[in-house]
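A quick write-up on the structure given underneath.
There are 2 protein chains.
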Amino acid sequence: MTEPPERPTQRDIARRAGVSTATVSYVLSGRRGGAKPPPEETRQRVLRAVAEMGYQVDHAGRSLRRRRSGLVALMYPAPSSPWSDRLAEQMQEASAERGLGVVALPMSGAAAGEALLRVLRERYVDGAVLLPDCPVDPEELAVLARQGLSLVVFDDDLAPEGFDVVRQDRARACRDAVEHLIAAGHRRIAYLGHPGEDSRRTAPSVKLSSYRQVLQENGICAATDLVLPVADSRSQAYAAVRDLLRRPDPPTAVVSATDRAAIDAVWAARDHGVPVPGGLAVSGIGNISEGLVITPALTTVGAREFDFSAQVARLFERLDAGAPLDGEVMSARWELIVRDSA
Amino acid sequence: MTEPPERPTQRDIARRAGVSTATVSYVLSGRRGGAKPPPEETRQRVLRAVAEMGYQVDHAGRSLRRRRSGLVALMYPAPSSPWSDRLAEQMQEASAERGLGVVALPMSGAAAGEALLRVLRERYVDGAVLLPDCPVDPEELAVLARQGLSLVVFDDDLAPEGFDVVRQDRARACRDAVEHLIAAGHRRIAYLGHPGEDSRRTAPSVKLSSYRQVLQENGICAATDLVLPVADSRSQAYAAVRDLLRRPDPPTAVVSATDRAAIDAVWAARDHGVPVPGGLAVSGIGNISEGLVITPALTTVGAREFDFSAQVARLFERLDAGAPLDGEVMSARWELIVRDSA
DNA sequence: CTGAAAGCGCTTACAG
DNA sequence: CTGAAAGCGCTTACAG
Numbered sequence: 002m003t004e005p006p007e008r009p010t011q012r013d014i015a016r017r018a019g020v021s022t023a024t025v026s027y028v029l030s031g032r033r034g035g036a037k038p039p040p041e042e043t044r045q046r047v048l049r050a051v052a053e054m055g056y057q058v059d060h061a062g063r064s065l066r067r068r069r070s071g072l073v074a075l076m077y078p079a080p081s082s083p084w085s086d087r088l089a090e091q092m093q094e095a096s097a098e099r100g101l102g103v104v105a106l107p108m109s110g111a112a113a114g115e116a117l118l119r120v121l122r123e124r125y126v127d128g129a130v131l132l133p134d135c136p137v138d139p140e141e142l143a144v145l146a147r148q149g150l151s152l153v154v155f156d157d158d159l160a161p162e163g164f165d166v167v168r169q170d171r172a173r174a175c176r177d178a179v180e181h182l183i184a185a186g187h188r189r190i191a192y193l194g195h196p197g198e199d200s201r202r203t204a205p206s207v208k209l210s211s212y213r214q215v216l217q218e219n220g221i222c223a224a225t226d227l228v229l230p231v232a233d234s235r236s237q238a239y240a241a242v243r244d245l246l247r248r249p250d251p252p253t254a255v256v257s258a259t260d261r262a263a264i265d266a267v268w269a270a271r272d273h274g275v276p277v278p279g280g281l282a283v284s285g286i287g288n289i290s291e292g293l294v295i296t297p298a299l300t301t302v303g304a305r306e307f308d309f310s311a312q313v314a315r316l317f318e319r320l321d322a323g324a325p326l327d328g329e330v331m332s333a334r335w336e337l338i339v340r341d342s343a
Numbered sequence: 002m003t004e005p006p007e008r009p010t011q012r013d014i015a016r017r018a019g020v021s022t023a024t025v026s027y028v029l030s031g032r033r034g035g036a037k038p039p040p041e042e043t044r045q046r047v048l049r050a051v052a053e054m055g056y057q058v059d060h061a062g063r064s065l066r067r068r069r070s071g072l073v074a075l076m077y078p079a080p081s082s083p084w085s086d087r088l089a090e091q092m093q094e095a096s097a098e099r100g101l102g103v104v105a106l107p108m109s110g111a112a113a114g115e116a117l118l119r120v121l122r123e124r125y126v127d128g129a130v131l132l133p134d135c136p137v138d139p140e141e142l143a144v145l146a147r148q149g150l151s152l153v154v155f156d157d158d159l160a161p162e163g164f165d166v167v168r169q170d171r172a173r174a175c176r177d178a179v180e181h182l183i184a185a186g187h188r189r190i191a192y193l194g195h196p197g198e199d200s201r202r203t204a205p206s207v208k209l210s211s212y213r214q215v216l217q218e219n220g221i222c223a224a225t226d227l228v229l230p231v232a233d234s235r236s237q238a239y240a241a242v243r244d245l246l247r248r249p250d251p252p253t254a255v256v257s258a259t260d261r262a263a264i265d266a267v268w269a270a271r272d273h274g275v276p277v278p279g280g281l282a283v284s285g286i287g288n289i290s291e292g293l294v295i296t297p298a299l300t301t302v303g304a305r306e307f308d309f310s311a312q313v314a315r316l317f318e319r320l321d322a323g324a325p326l327d328g329e330v331m332s333a334r335w336e337l338i339v340r341d342s343a
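Written as structure tokens, this is what we have:
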């Protein structure tokens, strides 16, 4: 009794159980329009054949016929963060309840935007949540939404056009952080940014341009040698801040595009005898929980709640609605959270 | 001229361009067996129709027909880490070159193992890399591999059965770390572990059981109040170590299941006036780059190279091979990396 | 209550 | 060089 060399299909099951493929499908899916389900005896025969042959439904066949993949995606710029992990987890839970699956699309490198769009355009998934800074063309999103794709997009500028938009007001919050530093008397303020942040599609990013704007508004020249693309790597951030502090004219404050890098900025300063915030004030962006627990607690900018249930619920509302819904604007506002590091 | 209300199909394109669907398919895929491709004039007509109607190929239709999804998956236990991020990136790059897509499956919660298996069983992907501690039944993997799924599995015990296995020898390395602490005279050694680590399918995990074994071999009673499930959260790890140090009989050393938590253990100790390693020796597991840069540099256990190209290449070899390949054993050995924190 | 049949969108040997 | 046709695996109105 050798293992089946091929994957069995419903036809194989039907033959073995002595029923039609329709009956097999009804038994397996539990669906049956309004009508009664097959009687227990038939059901058992089918299930036995399924078990004996190791039958598994085929995703391609099912989703072609159903016109639905039963899958949703979470798309976010790499590297992942506690926030993207958390959202993935919440989507996972909500999806499992409905028998749906979740895939994550961490976008790294140049090809990432294209890969993301393919997943949406070719209908690998029925819906998706896009976290901020996903490199996609708003036009495209509107077209996809019109074709029935369920989309919840974190973006501060995009108008909702058949998809929902989550506003965070990141620019405002980032500006608040820089202004906070300036109000405390800082003039030499370094910025730890994402690599390539300067040349994004909607270049430069909200974070970097907020930094530049506020400096300019306050008559401070934004020295280019104070802008460092190290915020995605903790070790790079640590090393960069260490080097910064060794310069003849070190900055007195740092804003970091990520809390991770900000925290390493704090350690770098402390390790080199520079007190925080006395010698170097540090503000992060993102509000991860680690910032609360370090000494000094990290001043940062971000959402207060570690909770995306409203956004996830909205995605599933869209999925459940037969017809396309109008776009809605939701809020998950970022705020300046002043703690001890700045 | 309003937007098409539905997604156009190749039939629509064919009609518009005045050709057959076969020609449309040939033009779009660039495939043509051995034969010559359609002439330029026809090609242009088709491409124009595609552009005008906004045609996008349908993934379900294509993969049903091709018997391939053109997708590979990376599966790993949540939360993500620099290693999983890095592997995702490398898979992304290699896949983009071949016109394939990559999805990540971070597994969190109880339903995760089931969700993972569904993705593999229902053939949502053509292949996958499974990082250590994915909660799957080896039997299942063998069956899936036999049915032609390409699988590269990080596991120290599993025999390769139609899939490849990457050996890391994690138990050995973890034991080395604990022995290193004991050799330095430590007797009260705390362990920061993953939540639920004690009751895994193959319970308990390699890391925890290595810790317990070495203590036992050295006649040290493993106090249960020194085992804390905080290694997945930096803030929890920080708080836990802080509390540990306030006890009347604090531990003199800590082993952590993650470098992240180990690093926060270092900070917690330093913040509370306990020198590292003098007052508290700390060893991590994982070897993330951040550990190199902190002060004191983190002693840890892990792979030396931040590079998965051999494993990724092997996955694609499998994918490219028409027939199923035998299972191969690869090595990405973990080592004890002694630096300054222990 | 069950089965025969159509058809989801695509690809590909094959006939012309 | 191009098109008609079969068929991938599944689901579902529909006829019996």
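Read top to bottom, the protein sequences are chains F and Z. Under the numbering used here, residues 2 to 343 are what the first sequence spells out, in order. Under the numbering used here, residues 2 to 343 are what the second sequence spells out, in order. Just so you know, even glycine gets a beta-carbon here, dropped at the ideal spot from N, CA and C. Small disclaimer: the values here were computed from a predicted structure and weren't measured.
Residue j beta carbon less than 8 Å from that of residue i
i              : j              : result
L193 (chain F) : A262 (chain F) : yes
T296 (chain F) : D272 (chain Z) : yes
G128 (chain F) : A116 (chain Z) : no
L346 (chain Z) : A270 (chain Z) : Lying before the first or after the last residue shown, residue 346 (chain Z) is absent from chain Z, which here runs from 2 to 343.
L131 (chain F) : M92 (chain F)  : no
G287 (chain F) : D260 (chain F) : yes
R248 (chain Z) : I221 (chain Z) : no
V313 (chain Z) : L106 (chain F) : no
A191 (chain Z) : V255 (chain Z) : yes
S332 (chain F) : R168 (chain F) : yes
Limits of the unbroken beta strand (DSSP E) element including residue i
i              : result
T301 (chain Z) : T301 to G303
L193 (chain F) : I190 to L193
V294 (chain F) : It is not in any beta strand (DSSP E) - V294 (chain F) instead sits in the alpha helix (DSSP H) that spans E291 to V294.
D165 (chain Z) : D165 to R168
Boundaries of the alpha helix (DSSP H) in which residue i is found, first to last residue
i              : result
S96 (chain Z)  : P83 to E98
S1 (chain Z)   : In the structure as shown, chain Z starts at 2 and stops at 343, and residue 1 (chain Z) therefore has no counterpart that could be examined.
S244 (chain F) : Inspection of the sequence shows that residue 244 (chain F) is occupied by Asp rather than by Ser. Run containing D244 (chain F): R235 to R247, per the alpha helix (DSSP H) assignment.
D327 (chain Z) : Counting along the chain, D327 (chain Z) falls outside any alpha helix (DSSP H), and DSSP gives it neither H nor E.
V207 (chain Z) : V207 to E218
P310 (chain Z) : The residue asked about is misnamed: residue 310 (chain Z) is Ser in this sequence, not Pro. Run containing S310 (chain Z): S310 to D321, per the alpha helix (DSSP H) assignment.
V179 (chain Z) : R171 to A184
D13 (chain F)  : Q11 to A18
L159 (chain Z) : Segment: none, L159 (chain Z) is in no alpha helix (DSSP H) and carries neither H nor E.
V47 (chain Z)  : E41 to M54
R147 (chain Z) : P139 to R147
Proximity test, residue i beta-carbon vs the ligand MN heavy atom, cut-off 7 Å
i             : result
Y27 (chain Z) : Summarising the ligand content, the structure contains no ligands, and the ligand MN is consequently not present.
Residues bridged to residue i [DSSP beta-bridge criterion]
i              : result
G102 (chain Z) : Z:L72
I338 (chain Z) : Z:T301
L131 (chain F) : F:M76 and F:V154
A228 (chain Z) : It should be pointed out that residue 228 (chain Z) corresponds to Val in this sequence rather than to Ala. Z:Y192.
M108 (chain F) : F:P78
R119 (chain F) : For R119 (chain F), which the question treats as bridged, DSSP gives no partner whatsoever.
S284 (chain Z) : Z:V256 and Z:T300
R67 (chain Z)  : The partner list for R67 (chain Z) (beta bridge, DSSP) is empty, contrary to what the question assumes.
Pairwise C-alpha distance: residue j and residue i
i              : j              : result
V154 (chain F) : A74 (chain Z)  : 24 Å
Q148 (chain F) : P38 (chain F)  : 34 Å
D265 (chain F) : P230 (chain F) : 14 Å
S342 (chain F) : V302 (chain F) : 12 Å
C175 (chain Z) : V330 (chain Z) : 21 Å
Y125 (chain Z) : S200 (chain F) : 35 Å
E140 (chain F) : Q11 (chain Z)  : 23 Å
D158 (chain Z) : L142 (chain Z) : 14 Å
L182 (chain F) : N219 (chain F) : 12 Å
S151 (chain Z) : Q214 (chain F) : 51 Å
A23 (chain F)  : A15 (chain Z)  : 32 Å
V144 (chain F) : A79 (chain F)  : 25 Å
A322 (chain F) : A95 (chain F)  : 16 Å
Residues of the stretch 164–192 of chain F in Cβ contact with chain Z at a cutoff of 8 Å, in chain order, please.
none
Members of the stretch 295–322 of chain F near chain Z, C-beta cut-off 8 Å
Shown in chain order are the members of the stretch 295–322 of chain F whose Cβ falls below 8 Å from a Cβ of chain Z: I295 and T296.
Residues within the stretch 92–103 of chain Z neighbouring chain F, beta-carbon criterion of under 7 Å:
If the cut-off is 7 Å between Cβ atoms, the stretch 92–103 of chain Z has Q93, E94, A97 and G102 near chain F.
According to a CB-to-CB cut-off of less than 8 Å, which residues of the stretch 18–45 of chain Z neighbour chain F?
none
Name the residues in the stretch 122–138 of chain F whose C-beta lies less than 8 Å from a C-beta of chain Z; which are they?
The stretch 122–138 of chain F vs chain Z, Cβ under 8 Å: R122, E123, R124 and Y125.
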